[in-house]
């Protein structure tokens, strides 16, 4: 229902925009959540955006801008005068504005800096200095700190001073005179406590934290594991440098998800969050061509095996006919096993130590699969090849048994390879996700051909 | 570093457990976060667990139990007497205990109910009644409500009453006498306000909410989009029924991620969160065999095409040799395109409306890929087949050109099919993720063979 209301509101605002009814638009926009205002502004012509901006308070503008995508922010930078942009920038969420600052080129940065106050300037330069994918690069610097010898009353005063007006604050961090973190209290603790209690009496001094240079994925995992609303980020001196919030953890998890899927399909992960539509044809091409052409080159090995059995196939053409079936089935079974193992490792359900148990389990699963798929293959061959020319000394049934047996063996070996390869890559210190579908398909092609022609040579030729 | 401390602590506790030093263990465990205590208990023998339980307060026990996995909880149910279990259960997080209640069989439920107070009993039965994957099934009922005509001082008193001691509370919900939701205030608003202000003066009356029967994925998306710490869940009368917290949204996103990956590889998604280790061989087998054998059956179509060109291959054996290359390359290119499109749809970067633009873009990407892969194929054929027997009227170069051209065409058609199929499935109301790797591989095998032999018939035979 609410969705309907939201869509109606969007439609009304669009209608007003077409009629250029700016005042009415402003009245509606002012009541909408910032993220929706940002969505609507994205679709308006530049002159309307310019006319609408003065309607909002600086604070609202900062909040709306924090919800815009990078492209619109860059347009805004070109569109409005530096002074206004500086004001908006100052009120933006500290992590988004640091990202924006990094997107600007050196000249643009220098144009913007004079319009920022000292605190914002320092904060932006500080946050932009952390390497990508670290806690430092995704933390925000909006937090409230108190001392342990304060009373609750005094602490509340301090929080009122520190708390940026629109920002969510739940944990209040207790630091000593050197900003070293001592613990935290929650707003709930503060509300539950008597006004003259000392902070040190309600402090939680056992706490989980992240290092500024810690990998963002590990930070997200801590937030998830300990169900935290935000996690403190400390520097090498154990001083509080910033916080990473739970909604940032969600973004990290989504980004890692995309990266996983892409690695799975042999797509080179984009350096930054990439938008399908905004990336050009050449960009997409570059990300895909590397794997595809590597696999084509590795395919030379399969080609050599196939050529080695060229004469066998000439003599017994039915062998050639079922070569693709062996390759496809092996690729599918191996990819499935790899998916299961990679995902179970990512969710920490299995570790390298259990490698033997995992492979043994996969072998048993594969055995069952090989029975079913072997029988299907046998039926298929009898159905398809009843007219195929076969040298007199063999019966079709005999050949069908040989080919199905090869296929069954291929299912078992592909499944075990598919499960084992991610474990091996992990053991060698790599990311198991690279050992996924395209790589496995190519590798089990090779083993499949060896099994297939090996079996054929033994039984038939 | 903290990781080291944590691992050390775990190691120490383990050592103490082996020496059966229960008192020392208890002293350490009492200082650890509940999630870690749950991890450690999982590995202890039952008699030690029984001896350790009395060390913790009921409240702590509830908190620790909320962090246990279902298996350990079921063991605990069998292990301790009903009265103690009832106490632990009462103090558990309302969503986890509702899940646990559903895991129990009817007899076990009846054994437990007498040991619960009326409020807990009603709550559990209420929460267990919602269908899986709805907001109702993942919400918790621990929240604080106030009225809009209260002063801040009175509101704080009410929150102190309502707030379950260990639970995180950030939003306080403002309801009328019929529990209809009017808006919310945050703990921060309360701390910032003067004690005699009225709640109605600081209320946020524009709010985002979820319906009890809303799909959990949509709930998670709202939490993510609006950066909420938790979202109110309302029933058909707009009454506050529960809240879904951000950490639940993370769990939902992870679960959906696993489901996506599995669908990608043609693995039947598990009804519930499945653990790789705990699922038996037969369970794994069942989830994989459906797709693998369906694909094997559909493979009959490829088989029929291949058989139709049996004579052509007998005459020109080189055609048989490169059949697998065509199939593999097409499968890889198609799967990549499908991955990109499915992910871009999931992230709402593209919609069905743009289908033509997407396919056109993919066609251009594919054109570039086809050039590179065609050239590699040409080189491969010259390198591998210089000894292959070819009827006198053709040169190897001519045949290599024909096969590479077929491969290039196959790359283009597979990419467009790979991108188009998820769009089509979505258009027909299905989940685009099912149109992924295995399905695409099988389909582009068919088109690939048609292109390959079509080209061969035209140019060579």
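Chains as they are written, first to last, in this note's numbering: chain A, 317 to 777; chain B, 317 to 777. For each residue, glycine too, the CB sits at the ideal point set by N, CA and C.
Would residue i pass as a contact of residue j if the rule is Cβ separation under 8 Å?
i, j, result
"residue 613 of chain B", "residue 697 of chain A", "no"
"residue 514 of chain B", "residue 467 of chain B", "yes"
"residue 675 of chain B", "residue 732 of chain B", "yes"
"residue 542 of chain B", "residue 769 of chain B", "no"
"residue 734 of chain B", "residue 651 of chain B", "yes"
"residue 344 of chain B", "residue 365 of chain B", "no"
"residue 414 of chain A", "residue 368 of chain A", "no"
"residue 730 of chain B", "residue 694 of chain B", "no"
"residue 604 of chain A", "residue 739 of chain B", "no"
"residue 439 of chain A", "residue 410 of chain A", "yes"
"residue 771 of chain A", "residue 718 of chain A", "yes"
"residue 560 of chain A", "residue 451 of chain A", "yes"
"residue 654 of chain B", "residue 725 of chain B", "no"
"residue 495 of chain B", "residue 558 of chain B", "no"
"residue 754 of chain A", "residue 658 of chain A", "no"
For residue i, count the other beta carbons within 10 Å of its own beta carbon; 16 or more makes it buried, fewer makes it exposed. Which is it?
i, result
"residue 599 of chain A", "exposed"
"residue 402 of chain A", "buried"
"residue 511 of chain B", "exposed"
"residue 549 of chain A", "buried"
"residue 465 of chain B", "exposed"
"residue 562 of chain A", "buried"
"residue 423 of chain A", "exposed"
So, with DSSP's three-state summary, where would you put residue i?
i, result
"residue 768 of chain B", "helix"
"residue 574 of chain B", "helix"
"residue 318 of chain B", "Legend: pLDDT at residue 318 of chain B = 47, less than 50; position of this residue unreliable, value from coordinates given subsequently. If DSSP states are grouped into helix, strand and coil, residue 318 of chain B belongs with the helices."
"residue 447 of chain A", "coil"
"residue 557 of chain B", "strand"
"residue 402 of chain B", "helix"
"residue 422 of chain B", "helix"
"residue 475 of chain B", "helix"
"residue 498 of chain B", "strand"
"residue 460 of chain A", "coil"
"residue 655 of chain A", "helix"
"residue 513 of chain A", "coil"
"residue 597 of chain A", "helix"
"residue 487 of chain A", "strand"
"residue 566 of chain B", "helix"
"residue 780 of chain B", "Nothing can be reported for residue 780 of chain B, as the shown portion of chain B is limited to 317 through 777."
"residue 548 of chain B", "strand"
Report the rounded CA-to-CA distance for residue i versus residue j, giving the unit in angstroms.
i, j, result
"residue 647 of chain A", "residue 761 of chain A", "7 Å"
"residue 638 of chain A", "residue 360 of chain A", "59 Å"
"residue 371 of chain B", "residue 362 of chain B", "15 Å"
"residue 544 of chain A", "residue 540 of chain B", "15 Å"
"residue 351 of chain B", "residue 666 of chain A", "19 Å"
"residue 429 of chain B", "residue 404 of chain B", "13 Å"
"residue 319 of chain B", "residue 523 of chain A", "Legend: pLDDT at residue 319 of chain B = 48, less than 50; position of this residue unreliable, value from coordinates given subsequently. Rounded to whole angstroms, residue 319 of chain B to residue 523 of chain A spans 12 Å at the Cα level."
"residue 556 of chain B", "residue 490 of chain B", "10 Å"
"residue 609 of chain A", "residue 635 of chain A", "28 Å"
"residue 660 of chain A", "residue 701 of chain A", "41 Å"
"residue 579 of chain B", "residue 341 of chain B", "45 Å"
"residue 335 of chain B", "residue 457 of chain B", "42 Å"
"residue 766 of chain A", "residue 640 of chain B", "14 Å"
"residue 564 of chain A", "residue 668 of chain B", "29 Å"
"residue 601 of chain B", "residue 611 of chain B", "15 Å"
"residue 453 of chain A", "residue 716 of chain B", "52 Å"
"residue 673 of chain A", "residue 325 of chain B", "28 Å"
"residue 394 of chain A", "residue 492 of chain A", "43 Å"
"residue 663 of chain B", "residue 447 of chain B", "26 Å"
"residue 433 of chain A", "residue 399 of chain A", "11 Å"
"residue 348 of chain B", "residue 521 of chain A", "11 Å"
"residue 526 of chain A", "residue 463 of chain A", "21 Å"
task: Mind the definition here: the region 707 to 717 of chain B touches the region 629 to 638 of chain A only if three or more C-beta pairs lie below 8 Å; say whether that holds.
output: no
query: Quick one: any contact between the region 506 to 520 of chain B and the region 497 to 509 of chain A, if contact means 3 or more CB pairs under 8 Å?
result: They touch, by the three-pair rule.
query: Looking at C-beta atoms only, is the number of pairs between the region 418 to 429 of chain B and the region 382 to 399 of chain B that lie closer than 8 Å three or more?
result: yes
- request: State whether the region 563 to 579 of chain B contacts the region 372 to 379 of chain A, with contact taken as three or more CB pairs (one from each stretch) at a distance under 8 Å.
  value: no
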